[in-house]
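Since the structure comes first, as structure tokens, the remarks are kept for the end.
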Amino acid sequence: DLTLKVANLSNLLLQVLIAASINRCVNKTPSNAIVNLAASPCNPPPPPPPQQQQQALSTTTKESTTTENGASHPNPNPNPNPNPNPETLTKSLSCLNTAVMSKPFQCTIQQVEDVKVVIKVLPIFACTIMLNCCLAQLSTFSVQQAATMTTKLGSLKVPPASLPIFPVVFIMILAPIYDHFIIPFARRLTKSETGITHLQRIGVGLFLSIVAMATAALVEIKRKRVVAAVAATIDDKEPLPITFFWIAFQYLFLGSADLFTLAGLLEFFFSEAPASMRSLATSLSWASLAMGYYLSSVIVSVVNDVTRLSDHKPWLSGGNIDHYRLERFYWLMCVLSVLNFLHYLLWACRYKYRSVSLLLSSSSPST
């Protein structure tokens, strides 16, 4: 159950954050700091002197194992501690390391490291919400634009509401090209098994969303010019003498952006998330989609409220889309996408993968 997993993740985050905060406050005195520093997993006891280490090693290598026939063979494992504890605290987000102290609260090292991974992934997740906000325009204003244009394809009249199938068609066409041409070329270029990293794929998608919004603004400017040119010659209910295929350009770029970003997100979350959280981590891509649609509604409402006060006429309200300031709204979305892309670059350049071997060898979920 996804709701239960989200609740468990929230509880884990709160548990580690509260434990780290309280332990840090309680252990501020020098005496407590010295005691906890000695008992901390980050500070193991000092090793024995070199003479004792050499003596212990020579004693261990001389031990032998006796079989049922009485024959003795050298011990194949000279390590006196064959099963050391591999769990160690990392240096990243070291402020959370105090959560493993024994007083007054204590979390396991695995819990602390899981929370660190989640915290480092969240900024990448947040940067993809703006892309999905741009995708929301495909099923709203873009459909309204196409409804005013000529939608005939030969003798067939295409319903404007069916236009959101365009990005799906583009993805079906681009996916084989992406897998069989783009990725092999990137592998030869970068000498890497994955061709380009997961974060680079997400970055390409975010950049394409900027191009898509700029294209949408230019197409709307062209449509408005046609409206102004034929306003006196045609009825308001007649379609404009401009084909709806002009709208297909923004669908093409946003479909390509969705292809890169969705694939990158799924692979990134699947490879970086702890094993116990992989199913939840992969669902974050769909959570980003939902948040993007909600953000789109918020931005439209804010734009209408602000422009109503300044221009006395909201940009995106009224009974006729020809009177909208839709091109300005698209330019605004383009600027927001640029700022979001720069914000993403800040986090992506600072991000360090959990393990290079995990990045190269982890299997991707089926999409």
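Mapping to my numbering: the sequence shown position 325 is 975, numbers consecutive. We put the beta carbon where it would ideally sit given N, CA and C, even for glycine.
Rounded to a whole number of angstroms, what is the C-alpha to C-alpha distance between residue i and residue j?
i	j	result
C999	H993	10 Å
W981	F910	23 Å
K887	I971	12 Å
I769	I672	19 Å
I823	V952	37 Å
F775	S935	8 Å
T740	V762	10 Å
V880	A811	25 Å
L966	V950	7 Å
C777	L989	10 Å
A749	V767	15 Å
V666	I897	49 Å
Y944	G968	21 Å
D885	V877	11 Å
V629	V985	Residue 629 is absent from the model: the chain starts at 651 and stops at 1017.
S744	S926	22 Å
H962	S805	43 Å
A940	L785	11 Å
L803	T844	41 Å
L995	S960	34 Å
A796	K807	12 Å
L915	Q794	30 Å
N954	H973	14 Å
A867	Y828	27 Å
I759	K1002	19 Å
L746	V854	33 Å
T883	M983	33 Å
Please check the pair residue i and residue j, which I expect to be a contact at CB under 8 Å, by giving their CB distance rounded to whole angstroms.
i	j	result
V771	A923	7 Å
L788	P814	6 Å
A907	R851	Actually they do not touch by this definition, with Cβ atoms about 11 Å apart.
R873	M799	7 Å
F816	Y901	4 Å
Would you say residue i and residue j are within 8 Å of each other, going by their C-beta atoms?
i	j	result
S933	C783	no
D764	L662	yes
T790	P889	no
I860	S742	no
A937	L904	no
V869	F894	no
E977	I892	no
H848	E917	yes
G942	I821	no
F979	L856	no
T840	I833	no
W997	P809	no
A669	C757	yes
Per DSSP, what kind of secondary structure is residue i in: helix, strand or coil?
i	result
P691	Legend: pLDDT at P691 = 45, less than 50; position of this residue unreliable, no value from coordinates given.
P834	helix
S805	coil
P891	strand
T800	strand
I846	coil
K872	helix
S792	helix
S671	helix
L859	For clarity, residue 859 is Ser in the given sequence; the question names Leu instead. In the structure shown, S859 sits in a helix (DSSP, three-state: H, G or I).
K841	coil
D764	helix
D597	No information on residue 597 is available, as it lies outside the stretch 651 to 1017 that the chain covers here.
L1009	Low confidence applies to L1009: its pLDDT is 42, below 50, so where it sits in the model is not reliable enough to give any reading.
I823	helix
T710	Unreliable positioning characterises T710 in this predicted model, as indicated by a pLDDT of 46, which lies under 50. The coordinate reading is nonetheless provided below. Helix, per DSSP.
A882	coil
S812	helix
L743	coil
V666	helix
T865	helix
C783	helix
C757	coil
T738	coil
T778	coil
Return yes when at least one heavy atom of the ligand NAD lies under 7 Å from the C-beta of residue i, else no.
i	result
N782	With respect to the ligand NAD, the structure shown offers nothing to examine, as it has no ligands at all.
Could I get the ranges of all uninterrupted beta strand (DSSP E) runs contained in the segment 920-1005, with 3 residues as the minimum, in chain order? If we require 3 residues or more, the segment 920-1005 turns out to have no beta strand (DSSP E) run fully inside it.
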